[in-house]
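Report on one structure; see the data block that follows.
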């Protein structure tokens, strides 16, 4: 009986909160690849060695071992590149879209997905200007958006800021190491 | 019969009715959630659980690059909720014990019903087999072929069917009017 109760409590505590779309992907694409009229998905099926290397550096493996860069073009000219990176948290996954300019700097960051539980914390972090802190970062830089808004937000929005930092770090490293 | 719900104390009948109502509410919202995040057809379930790894089960020896054009609308199509292997491990770990507890609770109700032994066995088997099919379908869809999504759909409907039969028979046997006036 005790085991049954323990399982029920564990299930209630661990139940995954459903995903909420904060910004639709097409809208994020329009904002991060402005003016693009053609898109390419560049899928990198990572070798075991590359997947391991990426995991060692940023503690992350892209979904199903496939790293995807979305390239935007306008009249045949590069507008930039975009990645959607997922960050798993104990409160459910976040998805962060990170856009790069052709000059290889961060054009912008948009949190596209959160969960029912994390949405208010994410929105509080965004309202404190979290995503503005990432603009202009270069692939070797370490994002510090959470630290920049720490004084203005509570503990949980700060924690969400750290998770978004983590997503941006993953995007920066993946872009630096795999996007040519 | 181990015990007879028809002749049980009214408080026991009330307890069983409340349990069935609560589980029913859970199933209703479960169905709503499935509709929101996955869908009820084998195709939509396959999109939720199948992986690109089905085409490339082993990582290549060197990183391979594939490029294909996309439209802006296709970015929207990628919004469909998907469950990768890590999340499916977590989901299985969380849901299977709870499904077991629910099946056990409903099986206890079955034991108190006036049914033949064969029907009892059949209902108890259905109560436990439905979640097995549900999760077997998810894993086989992810690891083997998207055609197995039909198992998940069948498992889901079987769960609903088993609950409906147990609830219908239990409520009828517990609360049907009797000639004496008292259920």
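Chains as they are written, first to last, in this note's numbering: chain D, 1 to 180; chain Y, 1001 to 1183. Glycine is no exception: its CB is placed at the ideal position from the N, C-alpha and C atoms.
message: Taking the alpha-carbon of residue 81 (chain D) as reference, which of D:158, D:160 and D:28 has the nearest alpha-carbon?
response: Taking each of D:158, D:160 and D:28 in turn and checking the Cα distance to residue 81 (chain D), the smallest one comes out for D:28.
- request: State the DSSP-derived secondary structure class of residue 157 (chain D), mapped to helix, strand or coil.
  value: Helix.
- request: Answer with yes or no whether the minimum CB distance from residue 1138 (chain Y) to chain D is below 8 Å.
  value: With 8 Å as the cut-off, residue 1138 (chain Y) does not count as an interface residue toward chain D.
- prompt: Just checking, does the stretch 1017-1034 of chain Y make contact with the stretch 1115-1132 of chain Y on the three C-beta pairs under 8 Å criterion?
  reply: Contact between the stretch 1017-1034 of chain Y and the stretch 1115-1132 of chain Y is absent, because fewer than three Cβ pairs lie under 8 Å.
- prompt: Who are the neighbours of residue 1064 (chain Y) on chain D, taking C-beta pairs under 9 Å?
  reply: Simply 43, 44, 45, 46 and 47.
Assigned secondary structure, residue 42 (chain D) (DSSP; H/G/I helix, E/B strand, else coil): Correct three-state label for residue 42 (chain D): strand.
field: Contact set between residue 177 (chain D) and chain C, taken where Cβ atoms lie within less than 9 Å
entry: Included in the structure are the protein chains D and Y, with no chain C among them.
- request: My understanding is that residue 118 (chain D) touches residue 89 (chain D), with C-beta atoms under 8 Å, so please give their C-beta distance in whole angstroms.
  value: About 7 Å; that satisfies the 8 Å criterion.
Per-residue burial, residue 49 (chain D) [other beta carbons within 10 Å of its own, 16 or more giving buried]: Counting Cβ neighbours within 10 Å, residue 49 (chain D) comes out exposed, since fewer than 16 surround it.
- request: Report the neighbours of residue 18 (chain D) on chain Y: residues whose CB is nearer than 8 Å to its CB, in chain order.
  value: Within chain Y, the residues near residue 18 (chain D) are 1033, 1036 and 1037.
field: Which residues DSSP lists as bridging residue 141 (chain D), in chain order
entry: As far as DSSP is concerned, residue 141 (chain D) takes part in no beta bridge.
message: Using 8 Å for Cβ pairs, my map puts residue 110 (chain D) next to residue 23 (chain D). What's the rounded Cβ distance?
response: Right, their Cβ atoms sit about 5 Å apart.
field: According to DSSP, residues forming a beta bridge with residue 114 (chain D)
entry: Per the DSSP secondary-structure output, residue 114 (chain D) pairs in a beta bridge with D:20.
message: To test your reading of the DSSP string, which unbroken alpha helix (DSSP H) runs of 4 or more residues are found completely within the stretch 1088-1131 of chain Y?
response: The qualifying runs do not exist here; there are none.
task: With DSSP as the reference, label residue 183 (chain D) as helix, strand or coil.
output: The question about residue 183 (chain D) has no answer, for chain D in this structure spans 1 to 180.
message: Suppose you measure from the CA of residue 37 (chain D) to the CA of residue 116 (chain D); what does that come to, to the nearest Å?
response: Residue 37 (chain D) and residue 116 (chain D) have their C-alpha atoms roughly 33 Å apart.
At least 3 beta-carbon pairs within less than 8 Å: the stretch 122-135 of chain D vs the stretch 147-163 of chain D: By the C-beta criterion, the stretch 122-135 of chain D is judged to be in contact with the stretch 147-163 of chain D, since at least 3 inter-stretch pairs fall below 8 Å.
Cut-off 7 Å between Cβ atoms - residues of its own chain near residue 1124 (chain Y), not counting five sequence neighbours on either side: The residues are 1107 and 1110.
field: CB-CB length for residue 1151 (chain Y) against residue 1136 (chain Y), believed under 8 Å
entry: Contact flag correct, Cβ pair sits at about 6 Å.
Under 9 Å by beta carbon: chain Y residues contacting residue 29 (chain D): The contacting residues are 1072 and 1075.
- prompt: Got a sec: is the Cβ-Cβ distance from residue 1016 (chain Y) to anything in chain D below 8 Å?
  reply: No, residue 1016 (chain Y) lies away from the interface with chain D (no Cβ there is under 8 Å from its Cβ).
- request: Kindly identify the DSSP beta-bridge partner or partners of residue 88 (chain D).
  value: Beta bridge pairing from DSSP links residue 88 (chain D) with D:93.
The ligand COA heavy atom lying under 7 Å from the CB of residue 1027 (chain Y): This structure lacks the ligand COA; in fact it carries no ligand of any kind.
message: Taking CB distances under 8 Å as the criterion, tell me whether residue 1069 (chain Y) reaches chain D.
response: Interface residue, yes.
- request: Alpha carbon to alpha carbon, how far is residue 92 (chain D) from residue 133 (chain D)? Give it in angstroms, no decimals.
  value: When the Cα atoms are used, residue 133 (chain D) and residue 92 (chain D) turn out to be separated by approximately 24 Å.
message: Which complete alpha helix (DSSP H) runs does the stretch 1014-1087 of chain Y hold, if anything under 4 residues is left out?
response: Unbroken alpha helix (DSSP H) stretches of 4 residues or longer found wholly inside the stretch 1014-1087 of chain Y: 1042-1049 and 1072-1077, given in chain order.
task: Go ahead and label residue 1040 (chain Y) buried or exposed: buried means 16 or more other beta carbons lie within 10 angstroms of its beta carbon, across all protein chains shown.
output: Exposed: under 16 other Cβ atoms inside 10 Å.
task: Look up residue 74 (chain D) in the DSSP assignment and give the residues it is bridged to.
output: Looking at the DSSP assignment, residue 74 (chain D) forms a beta bridge with D:77.
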